[in-house]
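A.B. asks: Chains as they are written, first to last, in our numbering: chain R, 111 to 200; chain X, 314 to 510.
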Amino acid sequence: MDMNEEKSGARKLRCDDTSKCFELLESILDGELGNPGKEVLKEKLAKCQPCFEHFHLEQAIREVLKNKCTKQAVPQELAKTIREKIQEAK
Amino acid sequence: MSEVQRRKYSQEEKNSIFDGEFMPHIDSMYNFAYRLTFDEDDAKDLVQDTYLKSYRFINSFEQGTNAKAWLFRILKNSFINEYRKKSKQPAKVDYQEVETYYNSDDVDFQGTTDLRAESVKDMLGDEISNALNSLAVDFRTVIILCDLEGFTYEEMAKILDIPIGTVRSRLHRARNLLKEKLKGYAQHMGYKTDEEE
Ligand SMILES: [Zn+2]
């Protein structure tokens with residue numbers, strides 16, 4: 111499947127505590143752990159197959175949310191209306 | 314985010330803060346408002362209200378702090394306090410109820426075998442958007458703030474007036490619910506799932 115294939119044989123197929131593991135992975139993906147997070151991540155992904163798969167799914171979801179959830183176009187006159195209202199209020 | 318009026322800005326400073334630090338966020342603000350209300354006019358009103366308030370209370374904004382987070386907090390409060398009351402939407406459950414309801418472990422997403430990263434990547438923007446929009450407003454909100462707008466947990470805690478731990482757990486549940494929706498789409502659209510292999 112990818113370069114990790116030969117290593118994946120050594121991975122645990124079951125995760126001891128999916129909830130806790132997944133929450134940790136999610137925090138790392140959200141950038142909450144900073145650089146130390148990357149080390150923890152490498153270790154986790156190498157050791158645990160469910161975590162490895164979960165990580166890729168989570169990453170894909172963040173990616174599509176960020177890139178494919180189109181932003182609603184701002185109505186053209188909105189900024190102008192706001193400035194006018196503020197002038198009135200001054 | 315302090316409500317305390319620390320100092321007064323001169324008229325010139327006010328204008329420069331408003332133009333330089335507040336107005337550049339109008340796109341994100343409108344997008345957030347639209348995803349909360351699903352209505353163009355309501356979204357416009359909400360953004361306009363927020364900007365008028367931001368100007369009125371500009372002295373409680375501390376220059377150099379995160380203007381976007383400050384504005385989002387005002388918008389979210391306006392939405393809850395004013396807009397939600399006169400909303401055309403059916404009444405939504407409030408935070409407390411949502412939190413309790415989903416506080417059981419059985420909502421935890423059951424493994425990844427039935428939703429694959431590849432199928433998610435193949436989905437269209439509309440499908441992702443619809444899945445997000447179908448979540449209850451409190452769950453939708455944390456995903457918008459985190460994934461679409463890139464706020465940190467700490468900033469989200471301030472915007473939503475909830476502890477960081479609650480941000481984390483609400484986000485976790487929101488993503489699980491989103492995955493359930495996406496799984497539904499994936500099956501419906503005939504994307505490849507493990508079961509078919
Ligand atoms: Zn694990």
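Positions of the beta carbon are idealized from the N, C-alpha and C atoms, including for glycine.
If you draw a straight line from the alpha carbon of Ser373/X to that of Arg320/X, how long is it in whole angstroms?
C.D. replies: Taking the first residue of the second sequence as position 1, residue 373/X is located at position 60. Taking the first residue of the second sequence as position 1, residue 320/X is located at position 7. Roughly 8 Å separates the two Cα atoms.
A.B. asks: With 7 Å as the C-beta to C-beta threshold (strictly closer), list the residues of the region 319-348 of chain X near chain R in chain order.
C.D. replies: Listed by position, the residues of the region 319-348 of chain X near chain R (Cβ gap below 7 Å) are Met336, Ile339, Asp340, Tyr343, Asn344 and Tyr347.
A.B. asks: Identify every run of the alpha helix (DSSP H) within the region 343-401 of chain X, keeping only runs that are complete inside it and at least 4 residues long; order them along the chain.
C.D. replies: Here the runs fully enclosed are 353-369 and 380-391.
A.B. asks: Is the beta carbon of Ile330/X less than 8 Å from the beta carbon of Arg386/X?
C.D. replies: Locating residue 330/X in the second sequence gives position 17, counting from the first residue. Locating residue 386/X in the second sequence gives position 73, counting from the first residue. Going by C-beta atoms, Ile330/X is not nearer than 8 Å to Arg386/X.
A.B. asks: Should Cys158/R be counted as a contact of ligand 1 given a C-beta to heavy atom distance under 7 Å?
C.D. replies: Here residue 158/R refers to the residue found at position 48 of the first sequence. Indeed, a heavy atom of ligand 1 lies less than 7 Å from the Cβ.
A.B. asks: On the three-pair Cβ rule with 8 Å, is the region 474-486 of chain X touching the region 448-460 of chain X?
C.D. replies: Short answer: they touch.
A.B. asks: With the cut-off set at 8 Å, would you say Asn379/X and Glu468/X are in Cβ contact?
C.D. replies: By one-based count along the second sequence, residue 379/X stands at place 66. By one-based count along the second sequence, residue 468/X stands at place 155. Cβ distance < 8 Å, so Asn379/X and Glu468/X count as in contact.
A.B. asks: Mind reading off the beta-carbon distance from Lys154/R to Leu135/R? Whole number of angstroms is fine, and I expect it under 8 Å.
C.D. replies: Counting from 1 along the first sequence, the entry for residue 154/R is found at position 44. Counting from 1 along the first sequence, the entry for residue 135/R is found at position 25. About 7 Å separates the two Cβ atoms, so the contact holds.
A.B. asks: Glu375/X: which of Lys327/X, Ser442/X and Tyr466/X sits nearest, CA to CA?
C.D. replies: Within the second sequence, the letter at position 62 stands for residue 375/X. For Glu375/X, the nearest C-alpha among the options comes from Lys327/X.
A.B. asks: State the start and end residues of the unbroken alpha helix (DSSP H) segment that holds Tyr498/X.
C.D. replies: Numbered from 1 along the second sequence, position 185 holds the residue referred to as residue 498/X. Here the alpha helix (DSSP H) through Tyr498/X covers Ile477 to His501.
A.B. asks: One question on the structure: do Leu388/X and Lys195/R come within less than 8 Å of each other, judged by their Cβ atoms?
C.D. replies: Within the second sequence, numbered from 1, the residue matching residue 388/X stands at position 75. Within the first sequence, numbered from 1, the residue matching residue 195/R stands at position 85. Cβ atoms of Leu388/X and Lys195/R: not closer than 8 Å.
A.B. asks: Strictly below 9 Å CB to CB, what residues from chain R border Thr465/X?
C.D. replies: Here residue 465/X refers to the residue found at position 152 when the second sequence is read from its first residue. Residues of chain R passing the Cβ test: Asp140, Gly141 and Glu142.
A.B. asks: Should Glu334/X be labelled buried (16 or more other beta-carbon atoms within 10 Å of its own) or exposed?
C.D. replies: To locate residue 334/X, count along the second sequence from 1; it is residue 21. Burial call: buried.
A.B. asks: Buried or exposed: which applies to Lys492/X, given that a residue is buried once 16 or more other Cβ atoms fall within 10 Å of its Cβ?
C.D. replies: Sequence index remark: in the second sequence, residue 492/X carries index 179 (1-based). Answer is buried; the Cβ neighbour count reaches 16.
A.B. asks: Which residue from Leu175/R, Glu198/R and Lys181/R puts its Cα closest to that of Ala278/X?
C.D. replies: Summary: the structure shown does not reach residue 278/X, with chain X confined to residues 314 through 510, and so no result is reported for it.
A.B. asks: Over what stretch of residues does the alpha helix (DSSP H) that includes Thr128/R continue unbroken?
C.D. replies: For this step, residue 128/R is matched to residue 18 along the first sequence. Element bounds for Thr128/R: Thr128 to Leu139.
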